[in-house]
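**Student:** Just dropping this structure here.
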DNA sequence: CGTCTGGTTGATACGACTCAAATTTGGTGG
DNA sequence: CCACCAAATTTGAGTCGTATCAACCAGACG
C-alpha cells in the first residue's frame, strides 16, 4: 500500500534517474537526453557513511554525481568548527568545471553510505556537445546551486534559530520531492541533529530544542531518520520560505523536447 | 606624489581595466585578450548611490561589469531583514549566464555611485568564442565567486563577531589589491557600518564595537571611508583567514599568453 | 548483554541584540 | 564661509537568544 501516487506517472517505462527528474524541473528532456544521462553511471564508486569523498587541498578531477545517499560540502576552521555549506542528495552534481581550479577549497563528506558516479571531463564535454538541451539544463542546475548558497546565507545571517531549522527542513523536502524521493508528506531524512547544527550554524542542543518546538507547533516531525510535514503551508510561513530560489517552475520550457 | 608603487609595472601602456587585472590572477592575457575586455565597456550606465541596479523578480538580461564603485547583492525577508550575500567591486561581473533563469531571486544595489557596463549575451558569446583564454579565466572567476559564497557561509555560521568582521575586511582588501585599488596597506572602503552589519549578520551597533576592538588591537583602522591595515599577518591570524578560496596563485598559468 | 552513537534535559553563562540618546560627519544652500 | 540637516557613528544600559557544560536516556549493533 505504498504506491507513490505523487511522482510523475511512468507507466512501464524504465525509471528515470534522479538527475533526469531534477533537470526536468527546468525543461522536458527527450528519451535520448535521458538515455545519455543514464549512461553517465558507468564508473561507479561506493563510499561508506562518514567518510570523505574528497578533501580540501586535493586536486579536483572528475565530476561526481550522487546516485544514492546524502553527502555534504563542508569547510572547517583551525579551531575545529565545521560549517556544512551545502547538502547533496541524489541527482546532485558536484564540481562541474572544477578541473579549472588547482585545489579544492573545501571537502565533501558522506552523511550516509553513498553511491556516486564519477564522470570524466571528456564524458561531460561529449554530453553537453551532443545534448544542448541537457547542457542548458546543467547551466540552470548550476545557477540554482548558487541561488541556494545565497539563500543559506540569508538563513544564517537573518533568520531566527527556529525559522532557520524550519527553512532547512523544508528546502530538503522540496528538493527530494523533485527527484521523487518523498512519499506524500514524508521522506527519509538521514542527517543527524549534529549535521543540522553544522548546516545552520547552531549547536546540536539548540537544534534539538527547535525541532521539539516545531513539533509542538505541529509543523514537522523528525524521528527515526524520517521527516513528516503535516502542513506544508504552515511550515512555509514559519520558515519565511520563498521557493523562488529553487527555480522549479520549468523556466526552460521553451526548450522542451516534443513528447 | 602618489605613484602607485605597488601595482603591476605598466610603463606607458594604456592602463589595464580592473577585470583584466583580476583575470590575470588566473592566467596571463595577451594584448588581444585585454583589448577584447576593453571593448566590453561600450554600453555604459551610471547608477546613483543607494539605488538598485536590478531587483528580485525582474527578468535578468544583460551581464553587468562593475567599472567603478561598489555594489552588493542582497536578499530580504518579509520582516524587513536584509542579508548582503556578496559585495561587488570594480572588475566584478554579475549574472553571467543568468538569462537562463526567468527571474532574479535577489537584488543588486549600489553602495556608492556606480559606473557599470552592460554586456549583451551575444557580446559575451563572441568574446568567449574568440578568446578561449578569457573564456577559461571567466570560468575560474565564476568558481572563485562560488568559493567566496562558501567562505561567507563559514564566516556567518562559525566565526565570532570579532573574526567575522576581521575576515570580511581582509577579504575586501585582498580583492581590491588584485585589481590595483590599494595603496600600500590602505584602500578606499565606502561601505557603511550598516552595510557591514548586513553582510556579517550582525547589528550595526555590534559591528561598531568590533571595529573599535580591532582598532584597539592594532589590527585595522576604518575611518572616513578609508581602511588601513597596519599588520596584514596579524589580521590574517585574528580572522582565521585562509586565502586559498580566492585561488589567486595563477592557477591557470599553463594557459599563459606568451609575453 | 554491553557498548556506542545520537538524542534529550536542565542549569548557567555570555555574546550579541535592543532601544534610546548623544555626537560626529558630510553634504547643501544661503 | 557658515548654518543647517540628514546620515552615519558612538555610547550606555538592560535584555534575550543561543552556547556551554554535564548528565542521562534510548535505540542500534555486534
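Chains as they are written, first to last, in my numbering: chain U, 1 to 259; chain G, 260 to 518. We treat Cβ as the ideally placed atom computed from N, Cα and C, and that holds for glycine.
1) Quick one: does residue 101 of chain U have its CB under 8 Å from some CB of chain G?
2) Runs of 3 residues minimum, wholly inside the stretch 76-111 of chain U: which ones carry the beta strand (DSSP E) assignment?
3) Report buried or exposed for residue 153 of chain U, applying the criterion of at least 16 other Cβ atoms within 10 angstroms of its Cβ.
4) Measuring alpha carbon to alpha carbon, tell me which residue in U:93, U:108, U:57 is nearest residue 74 of chain U.
5) Quick check: residue 522 of chain G and residue 505 of chain G, are their CB atoms within less than 8 Å of each other?
6) What did DSSP end up calling residue 550 of chain G once you bin it into helix, strand or coil?
7) Starting from the beta carbon of residue 452 of chain G, find every residue of chain U whose beta carbon is closer than 7 Å, and list them in chain order.
8) Look at the Cβ atom of residue 67 of chain U, then the Cβ atom of residue 34 of chain U, and state whether they are nearer than 8 Å.
9) In terms of alpha-carbon separation, which member of U:199, U:113, U:137, U:241 lies closest to residue 250 of chain U?
10) Measure the alpha-carbon distance for residue 373 of chain G versus residue 306 of chain G and round it to whole angstroms.
11) Taking Cβ-Cβ distances shorter than 9 Å, what residues in chain U pair up with residue 337 of chain G?
12) Is residue 384 of chain G near the ligand FMN, with its Cβ less than 7 Å from a heavy atom?
13) Following the continuous beta strand (DSSP E) through residue 114 of chain U, name the residue where it begins and the one where it ends.
14) Quick one: any contact between the stretch 176-185 of chain U and the stretch 17-28 of chain U, if contact means 3 or more CB pairs under 8 Å?
15) Closest by CA to residue 414 of chain G, which one among U:237, U:82, U:164?
16) When burial is assigned at 16 or more other CB atoms within 10 Å of the CB, is residue 212 of chain U buried or exposed?
17) Please report the straight-line C-alpha distance between residue 289 of chain G and residue 175 of chain U, rounded to a whole angstrom.
18) Taking just the CA atoms, how far does residue 256 of chain U sit from residue 450 of chain G?
19) Measuring straight from C-alpha to C-alpha, what distance separates residue 311 of chain G and residue 36 of chain U?
20) Around the C-beta of residue 254 of chain U, are 16 or more other C-beta atoms found within 10 angstroms, so that it is buried, or is it exposed?
21) For residue 73 of chain U, write down the residues that DSSP places opposite it in a beta bridge.
22) In whole angstroms, what separates the C-alpha of residue 193 of chain U from that of residue 201 of chain U?
23) Just checking: is the beta-carbon of residue 134 of chain U within a distance shorter than 8 Å of some beta-carbon in chain G?
24) Are at least three pairs of beta-carbons, each pair with one atom in the stretch 157-174 of chain U and one in the stretch 228-241 of chain U, less than 8 Å apart?
25) Among the residues of its own chain, which have a CB less than 8 Å from the CB of residue 393 of chain G, if the five just before and after it don't count?
26) Counting along the chain, where does the alpha helix (DSSP H) carrying residue 432 of chain G start and finish?
27) In terms of alpha-carbon separation, which member of G:407, G:399, G:442 lies closest to residue 426 of chain G?
28) What is the C-beta distance between residue 228 of chain U and residue 186 of chain U, in whole angstroms, given that I count them as a contact (C-beta under 8 Å)?
**Tutor:** Looking at the atomic coordinates:
1) yes
2) 82-88, 107-110
3) buried
4) U:108
5) Nothing about residue 522 of chain G can be reported from this structure: the residues present for chain G run from 260 to 518 only.
6) Limits of chain G in this structure are 260 at one end and 518 at the other, which puts residue 550 of chain G out of reach.
7) Correct list: empty, because the minimum Cβ distance to chain U is about 16 Å.
8) no
9) U:137
10) 5 Å
11) 240, 242
12) Although the ligand FMN was asked about, the structure shown includes no ligands whatsoever.
13) 114-119
14) yes
15) U:82
16) exposed
17) 44 Å
18) 44 Å
19) 42 Å
20) exposed
21) U:86, U:108
22) 12 Å
23) no
24) yes
25) 282, 288, 292, 295, 296, 386, 387
26) 420-437
27) G:407
28) 4 Å
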